[in-house]
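Asker: In terms of this note's numbering, the sequence shown opens at residue 10 and continues consecutively.
Ideal Cβ placement from N, Cα and C applies to all residues, glycine included.
One structure coming up, written as structure tokens, with questions to follow.
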Amino acid sequence: IPVASFDCVVFGATGDLTTRKLLPALFYRFQDEQIPETSRIIGASRTEISAEEFRERARDAIKRFVPPQDIREGALDGFIAHLDYVHVDGAGEEGWSALAALLAERPDQVRPYYLATSPDLYGPICRNLAKHGLIGEKSRVVLEKPIGKDLTSARAINDAVGEVFPEHQIFRIDHYLGKETVQNLLALRFANTIFERLWTADVIDHVQITVAETVGVEGRAGYYDRSGALRDMLQNHLLQLLCLTAMESPLNLDANAVRDEKLKVLRALKPITANDVHQVTVRGQYGAGAVNGQPVEGYLKELDGPSRTETFVAMKVEVQSWRWAGVPFYLRTGKRMPQKLSEIVVQFRASPFSIFPEESFGREPNRLVIRLQPQEGMKLEVMTKDPGPGGMRLRPTNLDISFEETFKQRYPDAYERLLMDVVRGNATLFMRRDEVEAAWAWADGVLKAWADRPETPRPYPAGTWGPTAAIALIERDGRTWHEEL
Ligand code: BG6
């Protein structure tokens, strides 16, 4: 279904995010005829290039980041014809009147301003948009993460943007919320009766959330070293996954109804303090090793200097509420792990008593594994009898739904869904100001505890599941990280 006609202005138009994610996502939406013919995508940045050069760069980006078999005859030329470019200095004066003139050609369009720039520019760009009269009822501003590096800086950004845009026109992206399987978590929990009834501390033993990447810092060492895994991944993506897993049923799917429930979870996170930080968190940093059989350098070598920034973090987190009392959430995320894997594992309690003889191995608990990537799907591990006359021997087997095989269609990238939601004005899958700030308030506690009890991150060889202390973190509680059956 086509969305309303729009002029999307992308600030940071020559940057990495635009090249790798935004242009390919918009291309797919165009090719699927969701973007009306009268829409324009206007690149804006400080790079002095012509509109023609920008179109050529966009063409290269799409050829690079969209598999050739996905590009239909003529579609690329059609898409490129919708692109324009203005050289604009986000924080300065240059270029704004040219942008205003371009936008004035189509005054009735929906107007998303996508800020794919450094967060320091969010305030100045918004002030300039207001100063040049470019904000109206149909405007929206999209903020990429990171929104700040702690609570204070996040508030400053939110204040600056909030001075010119009302909250309902602000779309704070966490692209994990746009992943199909993450939305499927809502369907799983609230469109089925069987799971929600079991979704309590009485039945669930613990939850694990893993987001593992094989990549290193990929030329982003400058940003990454000031950030680290806690700020880059855990404060946003992993906490959002935790919220969707732990939240109560929202009244409906309206943006505020969903966000109210997520906010309650964030506010219920037990603070981590200097007293327990070393028991419940582990920081790691990768050294040289091999990923997928390829030798890779260690983080310090990539950075070319000393650093105590963590490229891996594992944590035991508690949600202080009736539903979750006593149910730990183990979170871990890291760069240079053995495989790219994001999953949520809900482990149920073991059966209280076994009628099967000891040697039947009968007491493995059930697990529900929600796989976000790769091979999106869900598995329920259940105990079954080993076939054959050998007696009553049991083993866990998967009830398995592979979304790929079931739906036999391409899984759209998160940005495709999210960009179209911005045009539609649907903020359900975006973060509200109070959510971002609640997540920072909690993460600040962890950062402060680490600063109060400084410790060098523990080394782990690239291509492994993090430092051994991360295994000890969960094994101390008599549990283990999930491994594929
Ligand atoms: C980004 C982080 O938000 O998410 C990156 O800044 C990370 O460091 C990326 O690589 C992971 O996203 P995905 O969709 O590839 O899992």
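#1: Rounding to the nearest angstrom, what Cα-Cα distance links L35 and Q288 in this structure?
#2: Measuring CB to CB, does E319 end up less than 8 Å from Q294?
#3: Report whether the distance from the Cβ of M242 to the nearest heavy atom of the ligand BG6 is below 7 Å.
#4: Could you tell me which of F412, M324 and T47 sits nearest to D486, measuring between CA atoms?
#5: Note down, one range per segment and in chain order, each beta strand (DSSP E) of at least 3 residues found wholly within the segment 104-169.
#6: Below 8 Å, can you find three or more Cβ-Cβ pairs linking the segment 257-271 to the segment 297-306?
#7: Counting along the chain, where does the beta strand (DSSP E) carrying V224 start and finish?
#8: The ligand BG6 and S316: does the residue's C-beta get closer than 7 Å to at least one heavy atom of that ligand?
#9: For a test of the three-state rule: what should DSSP assign to R81, helix, strand or coil?
#10: Once you ignore the five residues that flank T473 on each side, which residues in its own chain have a CB closer than 7 Å to its CB?
#11: If you draw a straight line from the C-alpha of Q78 to the C-alpha of E153, how long is it?
#12: Pop quiz: V97 and L108 are said to be a contact at Cβ under 8 Å. What is the actual Cβ separation, rounded to whole angstroms?
#13: Suppose the cutoff is 8 Å on Cβ atoms and the five residues either side in sequence are ignored; what does the same chain contact list for A90 look like?
#14: Helix, strand or coil for P33 per DSSP?
#15: Taking 6 Å as the limit between beta carbons, can you name the residues of its chain near F6, skipping five residues before and five after?
#16: Is DSSP giving N284 helix, strand or coil here?
#17: May I ask you to check if the CB of K154 is nearer than 7 Å to at least one heavy atom of the ligand BG6?
#18: Please confirm whether L408 and K388 have their CB atoms less than 8 Å apart.
#19: Who are the near neighbours of A478 in its chain, counting only those whose CB is closer than 7 Å to its CB and skipping five residues on each side?
#20: Looking only at C-alpha atoms, which of R206, A423, W451 and R442 sits nearest to H184?
#21: Taking contact to mean 3 or more Cβ pairs, one atom from each stretch, closer than 8 Å, check whether the segment 340-354 and the segment 212-224 are in contact.
#22: Candidates E103, I213 and D69: which alpha carbon is nearest V336's?
#23: In the structure shown, what three-state DSSP assignment does Y233 receive?
#24: Relative to the alpha-carbon of R268, which residue among R441, E493 and E57 has its alpha-carbon at the smallest distance?
#25: Whether or not the segment 238-247 and the segment 449-457 are in contact is what I'm after, with contact meaning three or more pairs of Cβ atoms, one per stretch, closer than 8 Å; do they touch?
#26: Are the CB atoms of L456 and L239 within a distance shorter than 8 Å?
#27: State the Cα-Cα distance for the pair V432 and F174, rounded to the nearest angstrom.
#28: May I ask you to check if the CB of V224 is nearer than 7 Å to at least one heavy atom of the ligand BG6?
#29: Would you mind giving the Cβ-Cβ distance between Y123 and L31, rounded to the nearest angstrom? I have them listed as a contact below 8 Å.
#30: With DSSP collapsed to three states, give me the class of E352.
#31: Exposed or buried, S148, counting other C-beta atoms within 10 Å across all chains shown (16 or more means buried)?
#32: Alpha carbon to alpha carbon, what distance is there between L377 and L195?
#33: Rounding to the nearest angstrom, what Cα-Cα distance links S236 and A165 in this structure?
#34: So, at 6 Å on beta carbons, what are the nonlocal neighbours of L428 in its own chain, with the 5 sequence-adjacent residues on each side left out?
#35: Between the alpha carbons of V445 and G400, how many angstroms are there, rounded?
#36: Determine whether the beta carbon atoms of I322 and V216 lie at a separation below 8 Å.
Answerer: Checking against the coordinates, here is how it stands:
#1: Their Cα atoms are separated by approximately 45 Å.
#2: Their beta carbons are under 8 Å apart, which means E319 touches Q294 by this criterion.
#3: Flag set: Cβ of M242 near the ligand BG6.
#4: Here the closest residue by C-alpha is M324.
#5: Here the runs fully enclosed are 120-124 and 148-152.
#6: Result no; under three Cβ-Cβ pairs closer than 8 Å.
#7: Annotation: V224 is outside any beta strand (DSSP E) and is labelled neither H nor E by DSSP.
#8: Flag unset: Cβ of S316 not near the ligand BG6.
#9: In the three-state reduction of the DSSP assignment, R81 falls in the coil class, being assigned neither a helical nor a strand state.
#10: Take T473, set aside five residues on each side of it, and the residues of its chain with a beta-carbon closer than 7 Å to its own are G298 and P347, in chain order.
#11: C-alpha separation (whole angstroms): 30 Å.
#12: Contact between V97 and L108 holds: their C-beta atoms lie close to 6 Å from each other, under 8 Å.
#13: Scanning its chain for C-beta atoms nearer than 8 Å, with the 5 sequence neighbours on each side dropped, one finds no residue around A90.
#14: Here P33 sits in helix by DSSP.
#15: In the structure as shown, the chain begins at 10 and stops at 494. Residue 6 is therefore absent and cannot be evaluated.
#16: N284 falls in the coil class under three-state DSSP.
#17: Within the cutoff, so yes.
#18: Yes; because the gap between Cβ atoms is below 8 Å, this pair is in contact.
#19: Leaving aside the five residues that flank A478 on each side, the residues in its chain whose CB is nearer than 7 Å to its CB run, in chain order, V291 and R467.
#20: Among R206, A423, W451 and R442, the Cα nearest to that of H184 belongs to A423.
#21: They touch, by the three-pair rule.
#22: That would be I213, whose Cα lies nearest to the Cα of V336.
#23: Of the three classes helix, strand and coil, the one that applies to Y233 here is helix, per DSSP.
#24: Distances from the alpha-carbon of R268 to those of R441, E493 and E57 put R441 closest.
#25: Short answer: they touch.
#26: Yes, these two residues count as a Cβ contact at 8 Å.
#27: Cα-Cα distance, rounded: 16 Å.
#28: Yes.
#29: Right, their Cβ atoms sit about 7 Å apart.
#30: Here DSSP, grouped into helix, strand and coil, assigns E352 to strand.
#31: By the beta-carbon neighbour count (other beta carbons within 10 angstroms, threshold 16), S148 is buried.
#32: C-alpha separation (whole angstroms): 15 Å.
#33: Going by the C-alpha atoms only, they are around 18 Å apart.
#34: Excluding positions up to five away in sequence, the list reads A34.
#35: Spanning the two alpha carbons is a distance of roughly 55 Å.
#36: Here residue 322 is Val; the residue named in the question, Ile, does not match the sequence. Contact flag unset, no.
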